[in-house]
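In order, the protein sequences belong to chains A and B.
Residues 207 to 282 (my numbering) are what the first sequence spells out, left to right.
Residues 4 to 270 (my numbering) are what the second sequence spells out, left to right.
We put the CB at the ideal spot given by N, CA and C, even for glycine.
Accompanying notes for the structure given below.
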Amino acid sequence: MMAKKQTKAKHVINREWCKGCGICVHFCPGNVLELDEWFKCFAARPDDCVGCRLCELRCPDFAIQVVVQSKQDQVA
Amino acid sequence: MAYDDYIRKRFFPHIWCPGCGHGIVLNALTRSLDSLGFDKNEMVMVSGIGCSARISGYVDLHSMHTIHGRALAFATGIKLSRPELKLIVPMGDGDALAIGGNHFIHAARRNIDITAIVINNRIYGMTGGQYSPLSGVGVRATTAPYSNIDPAFDVVEMATAAGATFVARTTTYHVREMSKFFQKAILHKGFSVVEVLSQCPTNFGRRNKAGDAVHMMESYKNGTVVAGSADDVPGSGKIRRGVFVEKTAPEYCDEYARIIRVARKGA
Ligand SMILES: Cc1ncc(C[n+]2csc(CCOP(=O)(O)OP(=O)(O)O)c2C)c(N)n1
Ligand code: SF4
Ligand code: SF4
Ligand code: SF4
Numbered sequence: 207m208m209a210k211k212q213t214k215a216k217h218v219i220n221r222e223w224c225k226g227c228g229i230c231v232h233f234c235p236g237n238v239l240e241l242d243e244w245f246k247c248f249a250a251r252p253d254d255c256v257g258c259r260l261c262e263l264r265c266p267d268f269a270i271q272v273v274v275q276s277k278q279d280q281v282a
Numbered sequence: 004m005a006y007d008d009y010i011r012k013r014f015f016p017h018i019w020c021p022g023c024g025h026g027i028v029l030n031a032l033t034r035s036l037d038s039l040g041f042d043k044n045e046m047v048m049v050s051g052i053g054c055s056a057r058i059s060g061y062v063d064l065h066s067m068h069t070i071h072g073r074a075l076a077f078a079t080g081i082k083l084s085r086p087e088l089k090l091i092v093p094m095g096d097g098d099a100l101a102i103g104g105n106h107f108i109h110a111a112r113r114n115i116d117i118t119a120i121v122i123n124n125r126i127y128g129m130t131g132g133q134y135s136p137l138s139g140v141g142v143r144a145t146t147a148p149y150s151n152i153d154p155a156f157d158v159v160e161m162a163t164a165a166g167a168t169f170v171a172r173t174t175t176y177h178v179r180e181m182s183k184f185f186q187k188a189i190l191h192k193g194f195s196v197v198e199v200l201s202q203c204p205t206n207f208g209r210r211n212k213a214g215d216a217v218h219m220m221e222s223y224k225n226g227t228v229v230a231g232s233a234d235d236v237p238g239s240g241k242i243r244r245g246v247f248v249e250k251t252a253p254e255y256c257d258e259y260a261r262i263i264r265v266a267r268k269g270a
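Dropping the structure here:
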């Protein structure tokens with residue numbers, strides 16, 4: 207359980223720009239993301255995020271940003 | 004600066020279809036520019052016509068959106084008059100190698116210091132799905148409803164044979180690799196070609212039962228191999244990725260400056 211909590215990430219999603227292609231959802235190694243009923247991406251399981259930022263790098267629409275907080279930030 | 008300082012946010016959301024690979028190429032390019040840390044004023048992007056060519060409208064650099072197939076000719080003019088600028092030319096497969104095929108091989112032959120990015124979706128996306136010289140045998144297109152009989156060019160082999168001094172291939176799945184190759188290509192002095200296999204889910208995917216953007220990217224993940232790796236064996240049927248050429252040769256603008264010096268001495 208402790209291992210999972212190592213990264214604390216915040217997913218900033220631009221709903222105006224997201225086109226619901228599902229690329230981020232499909233290729234996320236932590237199965238963190240989902241599309242909602244409007245086909246917009248959201249972080250359904252943010253605690254499972256490993257902070258790889260591949261969703262951000264593969265998004266064709268610049269619609270998702272991952273802000274990874276370091277462990278120290280979490281303590282503070 | 005941050006990577007998104009290199010895009011013109013006022014034009015977003017962009018016009019590309021959901022899942023179109025062109026957006027992923029733009030994404031990787033902005034991150035490459037951010038890592039390289041060049042001043043925006045040092046860079047010029049020139050494009051022709053096509054969905055891919057719309058990239059030049061979305062980058063916050065000096066940019067020129069020119070005519071179909073001729074982007075490299077315009078870029079050559081800019082580079083020769085202002086050799087200190089960095090020129091980046093994104094092109095679709097039709098733009099680069101159908102109508103623009105001659106410009107492509109001759110820019111390579113001259114080894115002019117321009118970075119050409121061939122975004123290969125194997126189809127004319129913008130005009131509704133006609134086959135291109137990169138579609139290959141068996142592909143279905145509006146102009147090949149019973150499947151295409153034209154063999155495809157191999158961009159890497161063609162650029163190499165024509166004289167390009169940096170040649171690489173990657174895909175929209177391999178985003179970190181793409182960013183790395185873009186940076187190498189931009190830093191390289193001479194004609195650089197980066198081929199990016201990229202999905203057009205709308206006009207290639209649907210017609211060829213290749214699935215949506217996700218399925219097409221899965222095929223890049225599973226259907227390609229790093230050149231020189233253990234899996235890179237003859238007959239694997241996989242497309243090879245990597246840097247295939249990286250060499251030095253006289254650069255065209257340098258040679259032009261040299262010949263001017265020679266001529267002036269003679270006068
Ligand atoms: C001289 C000229 N011929 C034809 C066209 C029509 N046309 C526009 S885009 C295009 C091809 C687009 O395909 P590609 O270059 O592969 O780019 P994509 O749209 O797939 O990104 C064509 C034939 C044109 N605009 N100008
Ligand atoms: S950063 Fe990685 S693990 Fe986290 S949501 Fe994005 S793709 Fe998934
Ligand atoms: S990859 Fe981007 S556009 Fe596609 S669903 Fe995810 S956030 Fe939305
Ligand atoms: S038609 Fe194809 S290449 Fe053009 S924007 Fe749509 S998916 Fe991209």
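- Message: Is it buried or exposed, residue 275(A), if we count other Cβ atoms within 10 angstroms and call 16 or more buried?
- Response: The sequence position of residue 275(A) within the first sequence is 69, counting from 1. Around the beta-carbon of residue 275(A), fewer than 16 other beta-carbon atoms lie within 10 Å, marking it exposed.
- Task: Give the secondary structure of residue 232(B) by DSSP, where H, G and I count as helix, E and B as strand, and everything else as coil.
- Result: Your numbering for residue 232(B) matches position 229 in the second sequence. Correct three-state label for residue 232(B): coil.
- Taking only the alpha-carbon atoms, compute the straight-line gap between residue 58(B) and residue 13(B) and give it to the nearest angstrom. Taking the second sequence and counting its residues from 1, the one referred to as residue 58(B) is at position 55. Taking the second sequence and counting its residues from 1, the one referred to as residue 13(B) is at position 10. Using only the alpha carbons, I get a separation of about 14 Å.
- Taking only runs that begin and end inside the segment 73 to 141 of chain B, name each unbroken beta strand (DSSP E) of 3 or more residues, in chain order. Uninterrupted beta strand (DSSP E) stretches at least 3 residues long and entirely within the segment 73 to 141 of chain B occur at 89 to 95, 117 to 123, given in chain order.
- Any heavy atom of ligand 2 within less than 5 Å of residue CB: hits in chain order: Every residue with a CB closer than 5 Å to a heavy atom of ligand 2 is listed here in chain order: 234(A), 236(A), 238(A), 255(A), 256(A), 258(A), 259(A), 260(A), 261(A), 272(A).
- Query: Anyone know if the C-beta pair for residue 3(B) and residue 118(B) falls short of 7 Å?
  - Reply: This structure gives no information on residue 3(B), because the portion of chain B shown stretches from 4 to 270.
- Message: Excluding the 5 residues flanking residue 99(B) on each side, which residues of the same chain have their C-beta closer than 6 Å to its C-beta?
- Response: The residue given as residue 99(B) occupies position 96 in the second sequence. In the same chain as residue 99(B), and ignoring 5 residues on each side of it, the C-beta atoms closer than 6 Å to its own belong to 107, 121, in chain order.
- With respect to the alpha helix (DSSP H) encompassing residue 260(B), which residues constitute its N-terminal and C-terminal limits? Position 257 of the second sequence, counting from 1, holds the residue named residue 260(B). It spans 255 to 269 - the alpha helix (DSSP H) in which residue 260(B) sits, taken as one unbroken run.
- Query: Any C-beta of chain A sitting closer than 7 Å to the C-beta of residue 256(B)?
  - Reply: To locate residue 256(B), count along the second sequence from 1; it is residue 253. By this cut-off, residue 256(B) is not an interface position.
- Message: Just to confirm, is the Cβ distance from residue 52(B) to residue 71(B) under 7 Å?
- Response: Within the second sequence, the letter at position 49 stands for residue 52(B). Within the second sequence, the letter at position 68 stands for residue 71(B). In this structure, residue 71(B) lies closer than 7 Å to residue 52(B) by Cβ.
- Message: Would you call the segment 169 to 177 of chain B in contact with the segment 211 to 228 of chain B, where contact means no fewer than 3 C-beta pairs closer than 8 Å?
- Response: With a cut-off of 8 Å, the segment 211 to 228 of chain B and the segment 169 to 177 of chain B count as touching, because enough Cβ pairs lie within range.
- Query: Is the number of C-beta pairs between the segment 14 to 22 of chain B and the segment 203 to 218 of chain B that are closer than 8 Å three or more?
  - Reply: Yes, they touch.
- Message: Let me check understanding here. Comparing Cα to Cα, which of 128(B), 39(B), 137(B), 241(B) lies closest to residue 145(B)?
- Response: As a position in the second sequence, residue 145(B) is number 142, starting the count at 1. The shortest C-alpha separation from residue 145(B) is found at 128(B).
- Task: Consider the C-beta atom of residue 215(B) and the heavy atoms of ligand 3; say whether any pair is separated by less than 6 Å.
- Result: Counted from its first residue, the second sequence places residue 215(B) at position 212. The answer is no for residue 215(B).
- Query: Using a Cβ-Cβ cut-off of 7 Å (strictly less than) and excluding sequence neighbours within five positions of residue 261(A), which residues of its own chain qualify?
  - Reply: Locating residue 261(A) in the first sequence gives position 55, counting from the first residue. Answer for residue 261(A): 230, 234, 239, 270, 272, listed in chain order.
- Message: Considering Cα atoms alone, identify which of 77(B), 228(B), 245(B), 259(B) is closest to residue 238(B).
- Response: Position 235 of the second sequence, counting from 1, holds the residue named residue 238(B). Cα-wise, what sits closest to residue 238(B) is 228(B).
- Let me know if residue 97(B) comes out buried or exposed under the rule of 16 or more other beta-carbons within 10 Å of its beta-carbon. By one-based count along the second sequence, residue 97(B) stands at place 94. Buried, because 16 or more other Cβ atoms sit within 10 Å of the Cβ of residue 97(B).
- Task: State the Cα-Cα distance for the pair residue 60(B) and residue 269(B), rounded to the nearest angstrom.
- Result: Your numbering for residue 60(B) matches position 57 in the second sequence. Your numbering for residue 269(B) matches position 266 in the second sequence. Rounded to whole angstroms, the gap between the alpha carbons of residue 60(B) and residue 269(B) is 45 Å.
- Message: Need the endpoints of the alpha helix (DSSP H) that residue 25(B) sits in, please.
- Response: Here residue 25(B) is taken as the residue at index 22 of the second sequence, counted from 1. Segment 24 to 39, the alpha helix (DSSP H) holding residue 25(B).
- Measuring CB to CB, does residue 209(B) end up less than 7 Å from residue 143(B)? Mapped onto the second sequence, residue 209(B) falls at position 206. Mapped onto the second sequence, residue 143(B) falls at position 140. The answer is no: Cβ separation not under 7 Å.
- Query: By Cβ distance below 8 Å, which residues in the same chain neighbour residue 209(A) in space, the five residues on each side in sequence not counted?
  - Reply: Position 3 of the first sequence, counted from the start, is the residue given in the question as residue 209(A). Because the pLDDT of residue 209(A) is 48, which lies under 50, any placement of that residue in the model is unreliable, and the question is left without a value.
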